[in-house]
Structure formats: C-alpha cells, structure tokens
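Peer 1: For the protein sequence lines, the chains are A and B, in the order given.
Going by the numbering used here, the first sequence opens with residue 772, and the numbers climb by one from there.
Going by the numbering used here, the second sequence opens with residue 37, and the numbers climb by one from there.
By construction, the Cβ of each residue, glycine as well, lies at the ideal position given by its N, Cα and C atoms.
Fair warning: this is a prediction, and the values are worked out from it, not measured in the lab.
Dropping the structure in here first, questions after.
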Amino acid sequence: MIGYLVLTPFLAALLAPVLVFLLGHRASWILALVPGYLLYRFFDFVPAVAKGETVLQSHEWLSGFGINYSFMIDGLSLTFAFLILGIGFFIVIYAGGYLKGHQHLGRFLAVLLAFMGSMLGLVVSDNLITLFVFWELTSITSFLLIGFDNEREASRRAALQALIITGLGGLVMLAGFTLIGLVGGTFELSELLSKGDVIKEHGLYSLMFWLVMAGAFTKSAQVPFHSWLPNAMEAPTPVSAYLHSATMVKAGVFLLMRTYPMLGETELWETVLPLFGGATLLVGTVLAVRDKDMKLMLAYTTVASLGLLVLMLGVGGERAIEGAVLYLIAHSFFKGALFMVVGTVDHEAGTRQIDKLSGLRSAMPITALAAALAALSMCGLPPFIGFLAKESIYNSLTHGGLHEWTIAIVAIVGNALMFGVAASIAIRPFMGKWVDPPKAVHEGPVMLFLGPLVLSITGLVTALFALQFMQMNFFSPMVSAVAGKEITLDLHLWHGINPALILSVVTVGLGIGVFVFTNELKKIFDKVLNFINWGPDKGFDQAICFLTWFAGHFTRILQTGEIRTYMRITFLITALTLLIPMYKLNIWPNMPSFPKLSLWEIGVFVILVIGILQVVFARTRLTAIISLGIQGFSVALIFMLFGAPDLSFTQFMVETLSVVIIALVLTRLQLMKQDRRSVPSLIFDGLVAISVGVGMGALLMNITQMPLDLRLSEFFSTYSAAIAHGRNIVNVILVDFRAIDTLGEITVVLITGVSALALIRVKAIPEKKTKTTKGSPALKETS
Amino acid sequence: MESYLSILVGLYFAGSVYLLLSQSLVRILIGIALLGNGVNLLIFTSGRITRGVPPIIEKGAKVAEASIANPLPQALILTAIVISFALFAFVLVLSYRAYQEIGTDDTAKMRIAEPVEPSHLPKGY
Chain A
772 MIGYLVLTPF LAALLAPVLV FLLGHRASWI LALVPGYLLY RFFDFVPAVA
822 KGETVLQSHE WLSGFGINYS FMIDGLSLTF AFLILGIGFF IVIYAGGYLK
872 GHQHLGRFLA VLLAFMGSML GLVVSDNLIT LFVFWELTSI TSFLLIGFDN
922 EREASRRAAL QALIITGLGG LVMLAGFTLI GLVGGTFELS ELLSKGDVIK
972 EHGLYSLMFW LVMAGAFTKS AQVPFHSWLP NAMEAPTPVS AYLHSATMVK
1022 AGVFLLMRTY PMLGETELWE TVLPLFGGAT LLVGTVLAVR DKDMKLMLAY
1072 TTVASLGLLV LMLGVGGERA IEGAVLYLIA HSFFKGALFM VVGTVDHEAG
1122 TRQIDKLSGL RSAMPITALA AALAALSMCG LPPFIGFLAK ESIYNSLTHG
1172 GLHEWTIAIV AIVGNALMFG VAASIAIRPF MGKWVDPPKA VHEGPVMLFL
1222 GPLVLSITGL VTALFALQFM QMNFFSPMVS AVAGKEITLD LHLWHGINPA
1272 LILSVVTVGL GIGVFVFTNE LKKIFDKVLN FINWGPDKGF DQAICFLTWF
1322 AGHFTRILQT GEIRTYMRIT FLITALTLLI PMYKLNIWPN MPSFPKLSLW
1372 EIGVFVILVI GILQVVFART RLTAIISLGI QGFSVALIFM LFGAPDLSFT
1422 QFMVETLSVV IIALVLTRLQ LMKQDRRSVP SLIFDGLVAI SVGVGMGALL
1472 MNITQMPLDL RLSEFFSTYS AAIAHGRNIV NVILVDFRAI DTLGEITVVL
1522 ITGVSALALI RVKAIPEKKT KTTKGSPALK ETS
Chain B
37 MESYLSILVG LYFAGSVYLL LSQSLVRILI GIALLGNGVN LLIFTSGRIT
87 RGVPPIIEKG AKVAEASIAN PLPQALILTA IVISFALFAF VLVLSYRAYQ
137 EIGTDDTAKM RIAEPVEPSH LPKGY
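Here's what the structure looks like:
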C-alpha cells in the first residue's frame, strides 16, 4: 500500500498540465488535494508508530540482487513524510498564486509533484538501492526546477551546478551503499540497523563512512559543497521554500539520522560531523549577515541550519538527537514560511532587496504577521517551537567537558547571527517609515498568504497547545528511531532557570547586538571576504573549465585526427593480439611440411610473389596498377589449380574490371611519386607490417595443422543434389541454401553502384565569395 | 600445400598493411585491394587445399565423391570477392572526389572532419 501512496504524486504530475490547461492557476487548489489525501492516509500509521512499532511493506523488484521496492515507516520516516506532505500542500497552492498566468505553470506543478513523490519515496524506503533511486530522482527534479527559467544563463548554471554536486555525491554514496550491503549481507535498512556492530567493527568502516558522508554532505550543502544551495535561489520561490529549505536539502540530514544506529557514535563520526557542521554553521551565518537579497539571506541561514543539524548529530547521544529532531521540524516550519513571505513581498512589491523596503506593515498586514511569527520561532524565543529546539540543543551541550563547550560557543555564535538575520527580515521591510517600493504594493491574494500564515502559526501552536500530542506521536518516535532505542521525551516550555536558559538569554542578547550593528558587521565581513576573494562557487567554475580543457586535450591525444596514427595503432594491436598469445602459450605452429610442387604451381607462386613485391615497391603508378593486375590473376590461377573454377572465373572478371577502373581514375590524378614517409617511420611501418604478416601466416599455419570440422561442408555435399536439385555445390549454396545472404550481397553492390554514381555526378558547390570562410580547404562544401 | 599458401597469405598481409600505413591515398587504395585478395586466400586455405577436383556432383550420382574440394569456403569467398570489389570501387570514387575537392592526396592534409585547430571548446553551461 505504501508503494502505491508513493506513486500517487507521480500520477498527479502527469495530470497537472492537463488540469492547468483546463482551469488555469486554480488547478493548484485541486492538485493540493493530492498531498492532502496522502496526509490523511499517513495518519493511519500514527497510532502504531506512537507505540514504537515499525511498519514494513515490500514488493519484489530485483530480489536476486537483494533489491526490493520495500518500505519502512517508523518515527523518523513518518515525521519526514508529514513535513513533505504538509508543507507540500501549502506550497502547491502558493505556486498557483505565485506563477499565476505563467505559460509553463503546468510543467512547473508537474515537476513539483514529481519531486514530492521522489522525496516521499526517499524517506519511506527500506531498501538502500530504492532509497538511492529516489535520492537521485530528487536531484533530477531539483535540477529541472532550478533551471525552470531556462532562458537565463544564471539559472542554467545554478541548475547544472546543483545537479553535478548532488549527483556526484549521490553516486559516491551508491558505492558506500553497495559496500554496506555487501558487508551487512542485505540492502534492507530494517535489518541493517540492528547490525550496526558488524559494520562499525568492519575493516572498511571508515571507507563506508566517507562514501555515505559524500552523499549526505553534498545534498545537505555542507562546506565546501554549499555553493549550489544559494545559487539554487535562481528557482521560483515556491521551489526555494519547499526543496531548498524545508525538504530536499534535509535529505542529507535524514540520511545521517537514518544511518545513525549503523554508522554513528564512533570516534570518526564524532570528529568529522562536528567539524563539517560547525564550519558550515559559521560560514552560512556570516554569508547570510553580509547579503542584502532577502532570499539569499534565507538561503545562507538554511546552509547554517543544516550545519547546526549535522553538528548536533555529530555530538550524538539522546539529548543532542532530541535537539536535532526538534530543530529540524522547527526549521521546516519557520524557514518554509519565511521563504514564502519573501516571495510574496518580491511578488507584490517588485523587489526583495532589504535596503529598498520599509514600512510595508500597513500595506501587507497578514504577510507581516506571518513574517513576525516565523522569525520569532527562528530567533528561538518562547513560546515557539524554535525555542524548544534551541533549549534542547543547549541542554545537550552543557553537560560535557571542553569539547561540548567549544561546540556550545560555536552554536551560540551561529544562533546569534541567525537571530540577527531573522530579526532583519521580520522588522526592516515591514516596520519603520514608508518607502515607495518599485511596484504599487498591496496584500497578496489568499493563495500567497495562506501557506506562510499557517506554517508560522503551526510553529506557535505546536509548542503552546499541542506539545503533549506532538511529543507522543512525532517527537518521541522520531528520536527513538534515530537513536535506535526507545526514548520518551519530556518537553516543557519552562524548565526553571538552568544553564540552557542562560545560554539562550546570552544568544538573544548577542542576537540583538547583531541586529543593531548589522551594517558594521557587514562591512567587516565584506572586507574579510574580499581579501580571500575565492570561494567554492568560483572553484566550481574553475573545476568545470579545467574539465573541459582536460577533456579537449585528452581527446586530442587519443584522437590526433591523422588517419595514419589510427591505422598504426590498429595494426600494432592486431600484430600484438596475434603474436603475444602464441608467444605466451608457446603455441607456435609446428615446422610445416613442404610437399613437392609441380612446375606450374611453382610458376604461379613465383609470379604472385613478384606481383605483390612489385605492387608494394612500385616507383610509378602504372607499374603498381599492372602489378596489381598480375597478383590478382595469379590468385585466380591458384583458385583454378586447387579445385575452385567458379572463384577463378569471378576473380578474373573482377580483377580485369578493377584494373580498368583504377587505371581510369588514377591517370586523372596528379600524384606524388615518392613515398612521403621519413626513413624512421618507413622502418616502423615496415616492422608493423612484417609483424602482422608473420602473425597472420603463423595463425593460418596453426589453423591448418588442427583437425577440421567438416560437418557443414558434408551437409552441403550430401543434400545439394537431394534437396536443392543442383550439382554444382558452390552455386547451390549461394543461390539456395544461403539465398537471402546473396540477396543482401546484391543489394550492397547495387547501393554502392548508385552511391558511386551519385558521388561522381554531384558537383561541388562553388565557394561564396561574400562569406569569408576561415581555413578555406577545411570548410569547403563537399556535398 | 597449406604451408606454402600460409606464407603467401602472410606476405599479402604484410604488403597490404605496409601500403595502408602510407600517407598517400593511392597506396592506401591499392593496399585495400591487396588486403581483399589476402583475406580470400586466407579463407580458402583454412578450408584445406585439394588439387584439382571441383565440388561438383557427378551426373546421375546423388552424393558428391569424398575427394572433392571443400565447397563451403568457396561459397563464402565468392560473396567476399564481389563485396570487396564493390567496396573498392566505392572507395576509389570517394577518394577521387575527395582529391578533387581538397586538392591533395596526402591523408595528413585531409582534415575536414578533425581539423588541426580544435573548434572552440565549451566553457560549461
């Protein structure tokens, strides 16, 4: 059943263009029913999962390879499914409003729904390979959505960059999955998760770890792979809000959570993840504070938030996981809402540059409210879910030693900077004096404010009114699933005064400082970054340039464009394949016997040898042509002498014709008499030629010294007269037993004749003098 | 008997490869013609050689005598001769036309498909 649920969005994707064609942008109200319906169906799993059960369903796929279309629903996948479908519901509606009247809205919604299906499949997959397939599908749909506005180069570049980085990471991850599957003996996650010890103690653990991390870090935009995520903001805002903040970029974090019982809690894990996560958190926040484009500011804080999540998973342990889980959920709500707010402002006011907007609260009150609620959650203030998340994070960091405190300081700095960004986005465009924006601004339609409003209110309601319900049905099962053991949370908004609360207060204090001194900080960060003047984004361009340069030159080495080089290599390899096996296996032909020849046989052989030598070493082309005829007629004589009169006749005729036409053609050419080759290359070519000759001769001798299988020949001899009623066996074979083959042959001859005629008849198109063509011989038309 | 023909076949291959490796169109053409004959002889010899008796069933008899030449390679070669002639004729005309268009019989200078200066490489995107 889960399998069919996962396929539903794909089916809806097929219908989307039709619906948009019929209903225009209102179609998104209907299409939103798909995630709505799926949400309703997934509620069926809630009671079981709350009890700590895991739902497993499997369809056979390539079961011989251990690859199945199998699904697992536990706390982790269920919560993710709810986020994907719940946010997806509002995003589909928002997209209809945002791209109202766009000629490709149908295509857009189709890809968006296909992404929804891929992401859903990713999180509920039980089989690693199935998971990988959905993983790459999300990369592909993301590529299509980032490049949606495909007429802009920036958009195309961003799409390619995202595809290359996440796609490469995914491929590396596949290697890791394969290794895990081989070591663990199965690809089913539900079985692998209980085999954590086998995998962690295996000699290849660190290799598996790094391979899987490559997938997770690229997808979740960890430094230094983060540059694709801010660039992905080229996509329309619904995509940024959905894929590049709430869902897809969390796939990497999801993978870390999923594999936590299998790969986690080792020294390597606890060293690498905090390093990458911490660096990402700091880099992300610094870049966010520096930017003026609100969408990019949010994108960088998304990078930072992903860093924080990876950091927390790296710290490990129940409390840290609790913090990561709460933060992940909170982030999906507030970041999705804020992106949509910025999109609405951009849509209605015509700009999203923060310094060009001010005082919009009177014109867009609902959007302003949504922005404020979401930002409060992002700032981690009570009574929002963001506050709970931050409390849990700090709580997990105040119980350890120096290591934990170092991480705590990184987290405080990061959170304070994010506080500043969140406050800027919620306050600067909406408060203060009215400034006329580029467009006459008014509140967005319901399609545009519904999503951000509901998501931001959810962040409040969850913490304030539904904490017990959410804790029992979602938070606890998810933490248990990640940790791999039963954990019951006991969350409250008020814990009394404890170290975590003090750290929160410090964060808020610092955050207000950041907000007030944003411009000063910007200047400092600008100076530092201008001094460095290099980033992974530039590095990506350099890598691509190097790749095309390298591919071009490498191709040039392999493909010199000189036919002689190709021929030399071909024949050298031919000679080596003939001679090396004979040498290695010592299967040279036996010393052949040379029976006595009759006089005419000797005569024919001698003429033939002279003919060949004469052809090869001829000084003038006339000698060459005549000698060619001589050797051809000698071959005809050999056929005649050894019982093949049919061949002999044919050969005579063909050789005569050949000599005639070659003489006709060659006498019209002005040719160089001398061989152009230098002496060393003549010697080299001679050696290659002799090796091929010796090889073929030895091969033939070897063949003739082995027993011959005559069954086919005997068949033809026996049945030629009896079945086909012909006494010339060769003729019977050609026109009867292998008649179709002969028909093919005739066709080939016919086609060649026609083509040759066409070649001769078609005259060259005279070069146009008005058009200056560089390198004229190369560009002359030949047709 | 096969030993003599094996040596001849070796000679054919050596000669034609030597010609094929040259830079001049005419030599390459002649090399192709020579190679065709060499290959035909190779097939002929690998079917074993018998002196004299063609693969023909006597009048009145239903089955051929045991001493006849092997008919199978002959049938194959008959096809091969015709095909290689067709190929040769076509290549000859093609070379002639190429010579007319490009004005050289030096294969090193026939660079339309793969020009010496590589076309501008894409910088990505």
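With burial defined as no fewer than 16 other Cβ atoms inside 10 Å of the residue's Cβ, what is the status of A1012/A: buried or exposed?
Peer 2: Locating residue 1012/A in the first sequence gives position 241, where the first residue counts as 1. With 16 or more other Cβ atoms within 10 Å, it is buried.
Peer 1: For the stretch 41-54 of chain B, enumerate the residues whose C-beta is nearer than 7 Å to any C-beta of chain A, in chain order.
Peer 2: S42, I43, L44, V45, G46, L47, Y48, F49, A50, G51, V53 and Y54
Peer 1: Between the stretch 905-918 of chain A and the stretch 938-949 of chain A, are three or more C-beta pairs nearer than 8 Å?
Peer 2: yes
Peer 1: Take V1096/A and list the residues in its own chain whose beta-carbon comes closer than 7 Å to its own, dropping the five residues that flank it on each side.
Peer 2: On the first sequence, residue 1096/A is found 325 positions in, with the first residue counted as 1. F1246, M1249, V1250 and V1253.
Peer 1: Looking at the strands, I want to know which residues DSSP matches up with V826/A.
Peer 2: As a working mapping, residue 826/A is identified with position 55 in the first sequence. In the DSSP output, where bridge partners are listed per residue, V826/A has I844/A.
Peer 1: Would you call the stretch 1205-1224 of chain A and the stretch 1105-1125 of chain A in contact, with 3 or more CB pairs under 8 Å?
Peer 2: yes
Peer 1: Under the rule that 16 or more other beta-carbon atoms within 10 Å means buried, what is A933/A, buried or exposed?
Peer 2: By one-based count along the first sequence, residue 933/A stands at place 162. The residue is buried, with at least 16 neighbouring Cβ atoms inside 10 Å.
Peer 1: For the alpha helix (DSSP H) holding L57/B, just list the boundary residues, first then last.
Peer 2: Counting from one through the second sequence, the residue named residue 57/B turns up at place 21. Segment: none, L57/B is in no alpha helix (DSSP H) and carries neither H nor E.
Peer 1: In or out: Y1031/A buried (at least 16 other Cβ within 10 Å) or exposed?
Peer 2: Numbered from 1 along the first sequence, position 260 holds the residue referred to as residue 1031/A. Buried, since its Cβ has 16 or more Cβ neighbours within 10 Å.
Peer 1: What residues in the stretch 1387-1401 of chain A bring their beta carbon closer than 7 Å to a beta carbon of chain B?
Peer 2: V1387, R1392, A1395 and L1399
Peer 1: On the premise that L876/A lies in contact with V789/A, defined as a C-beta separation below 8 Å, what is that separation, rounded to the nearest angstrom?
Peer 2: Numbered from its first residue, the first sequence carries residue 789/A at position 18. Numbered from its first residue, the first sequence carries residue 876/A at position 105. Actually they are not in contact, since the Cβ atoms of V789/A and L876/A sit about 12 Å apart, beyond 8 Å.
Peer 1: Just how far apart, CA to CA, sit M944/A and G1035/A?
Peer 2: Here the question's residue 944/A lines up with position 173 in the first sequence. Here the question's residue 1035/A lines up with position 264 in the first sequence. The alpha-carbon atoms of M944/A and G1035/A are separated by roughly 16 Å.
Peer 1: I'd like to know if the stretch 118-126 of chain B and the stretch 63-76 of chain B are in contact, where contact means that at least 3 CB-CB pairs between them fall below 8 Å.
Peer 2: yes
Peer 1: Between which two residues does the alpha helix (DSSP H) harbouring R1482/A extend?
Peer 2: Residue 1482/A sits at position 711 when you count from the first residue of the first sequence. Taken as a continuous stretch (DSSP letters only), the alpha helix (DSSP H) holding R1482/A covers R1482 to A1493.
Peer 1: Excluding sequence positions up to five away, which residues of its chain have a Cβ less than 8 Å from the Cβ of S58/B?
Peer 2: Taking the second sequence and counting its residues from 1, the one referred to as residue 58/B is at position 22. These residues qualify, in order along the chain: I64 and G67.
Peer 1: Along the alpha helix (DSSP H) that carries T140/B, what are the first and last residues, could you check?
Peer 2: Working through the second sequence from its first residue, we reach residue 140/B at position 104. Here T140/B belongs to no alpha helix (DSSP H), and DSSP marks it neither H nor E.
Peer 1: Measuring CB atoms only, is the stretch 1376-1388 of chain A touching the stretch 1411-1426 of chain A, in the sense that at least three cross pairs come out at less than 8 Å?
Peer 2: no
Peer 1: Can you pull the chain A residues whose beta carbon is under 7 Å from the beta carbon of I194/B, in chain order?
Peer 2: Because residue 194/B is not part of the residues shown, which for chain B are 37 to 161, the question remains open.
Peer 1: Just to make sure I have the definition right: I need the residues of chain A whose C-beta is within less than 8 Å of the C-beta of L78/B. Which are they?
Peer 2: Residue mapping note: residue 78/B aligns to position 42 of the second sequence, counting from 1. Within 8 Å Cβ-Cβ: M1467 and L1471.
Peer 1: Which chain A residues sit within Cβ distance under 9 Å of L71/B?
Peer 2: The residue you call residue 71/B lines up with position 35 of the second sequence. Those do not exist, as L71/B stays about 10 Å from chain A at its closest Cβ, beyond 9 Å.
Peer 1: Suppose the cutoff is 6 Å on Cβ atoms and the five residues either side in sequence are ignored; what does the same chain contact list for S1554/A look like?
Peer 2: As a first step, residue 1554/A must be located in the first sequence, where it is residue number 783. Bear in mind that the predicted position of S1554/A carries a pLDDT of just 35, short of 50, making it too unreliable to give a figure here.
Peer 1: Applying a beta-carbon distance threshold of less than 7 Å, which residues of chain B neighbour V1436/A?
Peer 2: Residue 1436/A sits at position 665 when you count from the first residue of the first sequence. The contacting residues are L128 and Y132.
Peer 1: For the alpha helix (DSSP H) containing K1309/A, name the first residue and the last one.
Peer 2: Translated into the one-based positions of the first sequence, residue 1309/A becomes position 538. Counting along the chain, the alpha helix (DSSP H) containing K1309/A begins and ends at P1307 to L1329.
Peer 1: DSSP puts D1064/A in a beta bridge; with which residues?
Peer 2: Here residue 1064/A refers to the residue found at position 293 of the first sequence. In DSSP, D1064/A forms a bridge with Q1124/A.
Peer 1: Would I93/B be called buried (16 or more neighbouring beta carbons within 10 Å of its own) or exposed?
Peer 2: The residue given as residue 93/B occupies position 57 in the second sequence. When all chains shown are included, I93/B counts as buried.
Peer 1: Threshold first: 4 residues or longer. Then list the alpha helix (DSSP H) segments lying entirely within the stretch 897-981 of chain A, N to C.
Peer 2: 899-917, 924-955, 960-963 and 967-971
Peer 1: Does the Cβ of Y976/A have 16 or more other Cβ atoms within 10 Å, making it buried, or fewer, making it exposed?
Peer 2: Counting from one through the first sequence, the residue named residue 976/A turns up at place 205. Y976/A comes out buried.
Peer 1: To which residues of the same chain is G1546/A closer than 8 Å at the C-beta, ignoring the five residues directly before and after it?
Peer 2: For the purposes of this step, residue 1546/A is taken as the residue at position 775 of the first sequence. Only weak support exists for where G1546/A lies, its pLDDT of 40 falling under 50; the value from the coordinates is given anyway. Excluding positions up to five away in sequence, the list is empty.
Peer 1: Hey, quick one: how far does the alpha helix (DSSP H) through L1235/A stretch, first residue to last?
Peer 2: Here residue 1235/A refers to the residue found at position 464 of the first sequence. Residues V1217 to L1235.
Peer 1: Should L1000/A and V1020/A be called a contact, given that it needs their Cβ atoms to be closer than 8 Å?
Peer 2: Stepping through the first sequence from its first residue, residue 1000/A is reached at position 229. Stepping through the first sequence from its first residue, residue 1020/A is reached at position 249. Cβ atoms of L1000/A and V1020/A: closer than 8 Å.
Peer 1: Would you grab the beta carbon distance between G1374/A and I43/B for me? Rounded to a whole angstrom, and I think it's under 8 Å.
Peer 2: Within the first sequence, residue 1374/A is the residue found at index 603, counting from 1. Within the second sequence, residue 43/B is the residue found at index 7, counting from 1. About 16 Å separates the two Cβ atoms, so there is no contact after all.
Peer 1: Quick check: the Cα distance between L870/A and L883/A, rounded to an integer number of angstroms?
Peer 2: Translated into the one-based positions of the first sequence, residue 870/A becomes position 99. Translated into the one-based positions of the first sequence, residue 883/A becomes position 112. Their Cα atoms are separated by approximately 13 Å.
Peer 1: Using the C-alpha atoms, what's the distance from D815/A back to W1305/A?
Peer 2: Counted from its first residue, the first sequence places residue 1305/A at position 534. Counted from its first residue, the first sequence places residue 815/A at position 44. If you take the alpha carbons of W1305/A and D815/A, they lie about 51 Å apart.
Peer 1: Output needed in chain order: residues of the stretch 1486-1511 of chain A with a Cβ under 8 Å from some Cβ in chain B.
Peer 2: F1487, S1488, T1489, S1491, A1492, A1493, R1498, N1499, I1500, V1501, I1504, L1505 and R1509
Peer 1: Leaving out the 5 sequence neighbours to the left and right, which residues in its chain are closer than 7 Å to K95/B when beta-carbon positions are compared?
Peer 2: Start at 1 with the first residue of the second sequence, and residue 95/B comes out as number 59. The beta carbon of K95/B sits closer than 7 Å to no other beta carbon from its chain once the five residues preceding and following it are set aside.
Peer 1: Assign W1371/A to one of three DSSP states: helix, strand, or coil.
Peer 2: For the purposes of this step, residue 1371/A is taken as the residue at position 600 of the first sequence. If DSSP states are grouped into helix, strand and coil, W1371/A belongs with the helices.
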